[in-house]
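Below is one structure, written out as structure tokens; comments come after it.
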Amino acid sequence: MRFTTNYRNHVVDLRNLNIQLGNGCNGLICLRGVNTQKPSLVWNPIMRQVVIVPKPATTVDDKKKVVAGFGHCGRTNRGNKWREIGDAPFPIPSTIPGFFINNTLHWNLDKNDQQNDYADNNNSINDDQNNMSSNFELTCGFDFVEENFKAIKAPPIFSLHKKNNYHWSNLGVIGNCLSICAIDAKAFRPDIQVWVMEEYGVPESWALRLSIRDPIIEWWNPYQCIQVINILDNEEILMLCAHHFVLAYNLRERRFRKVASFDFPVIAHVPSFVSLEDVLREHPWG
């Protein structure tokens with residue numbers, strides 16, 4: 032949909048418990064209230080600008096969870112109202128931001144939610160998800176062009192005979208490619224593998240980009256999410272751990288160092304100096 036409200040200059044306090052951090056796209060970040068009564072926001076943090084997105088007319092009962100995602104596609108950027116396109120065939124996590132790449136917003140799925148919440152709805156789930164579930168392929172995407180959901184085939188490390196040795200960590204984007212961290216959950220000091228889909232949509236293009244054997248992380252819980260943010264030139268890899276800690280891993284020394292920590296969730300973000308005020312002036316939506 033297109034924005035139908037006025038631009039505002041505003042400082043957003045992420046420690047505000049009424050605001051939930053979403054994903055980013057083109058230098059903008061999606062924020063939403065913790066319930067459907069609170070408006071969603073599109074925020075340019077470096078310009079300190081916010082646009083308030085109108086709430087959908089449809090009400091949601093308390094038994095359902097609300098998931099917000101943000102992306103852009105010129106082909107579907109039409110109309111001034113929300114459209115309903117049907118039920119989501121996957122139990123999408125409501126607290127973990129998705130990743131937008133190739134006109135698609137991606138999430139890792141919780142296999143426990145998938146088994147429990149959707150046990151009674153198997154007849155309504157399409158063949159892609161049935162195949163996905165049986166092969167432990169717990170990644171889905173919403174295509175903004177086709178306006179539908181799709182299953183994403185996992186790297187070979189998550190094949191059936193290995194799935195009990197690894198658990199999911201965060202998705203990520205490395206060099207404009209979708210990436211996934213795989214963590215050996217049974218090891219005392221778990222190994223970390225980083226896989227990259229070099230050609231989007233081609234399962235055979237998953238490639239092992241990085242393997243961290245027996246990492247030295249004195250304080251890290253292996254069941255916390257870890258995501259590669261960037262590979263630096265000084266033999267260090269920048270990572271985000273547990274959505275609150277920024278780490279740097281030294282390839283030569285095989286050791287992590289803590290770069291920063293925050294008392295609120297954080298995401299990797301590439302800034303944009305495009306003013307929302309200018310955009311709304313050039314494109315008078317609503």
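Residues in the sequence shown are numbered consecutively from 32, following the working numbering. Note that beta-carbon positions come from the ideal geometry of N, C-alpha and C, so glycine has one too.
By the C-beta criterion, the region 168-185 is judged to be in contact with the region 119-139, since at least 3 inter-stretch pairs fall below 8 Å. C-alpha of N57 to C-alpha of I188: approximately 31 Å in a straight line. In this structure F304 is exposed. Its beta-carbon is surrounded by fewer than 16 other beta-carbon atoms within 10 angstroms. Under a 10 Å Cβ-count criterion, H103 is classified as exposed, with fewer than 16 other Cβ atoms of the shown protein chains found around its own Cβ. Rounded to the nearest whole angstrom, the CA to CA distance from F131 to R283 is 32 Å. Beyond the five residues adjoining it in sequence on each side, L140 comes within less than 8 Å, by CB distance, of F121, P122, I123, P124, L169, T170 and C171 in the same chain, given in chain order.
Residue state for S236 is assigned as helix, using DSSP reduced to three classes. A273 and D294 have their C-alpha atoms some 11 Å from each other. Secondary structure note for T135: its beta strand (DSSP E) is the uninterrupted segment T135 to N139. Secondary structure note for I298: it is in no beta strand (DSSP E), with a DSSP letter that is neither H nor E. Between C208 and V233 a beta carbon distance of about 11 Å is seen, past the 8 Å cut, so the two are scored as non-contacting.
For E267, the uninterrupted beta strand (DSSP E) run begins and ends at E267 to C272, by DSSP. Just so you know, the alpha carbons of K289 and D264 end up roughly 18 Å apart.
I116 counts as exposed, since fewer than 16 other beta carbons sit within 10 angstroms of its beta carbon.
Taking A299 as the centre and dropping the five residues before and after it, the same chain places the C-beta of I260 and L271 closer than 7 Å to its C-beta, in chain order. In the three-state reduction of the DSSP assignment, I243 falls in the strand class. By the CB criterion at 7 Å, Q80 and R63 fall outside the cutoff. Residue environment for W113: exposed (fewer than 16 other C-beta atoms within 10 angstroms of its C-beta).
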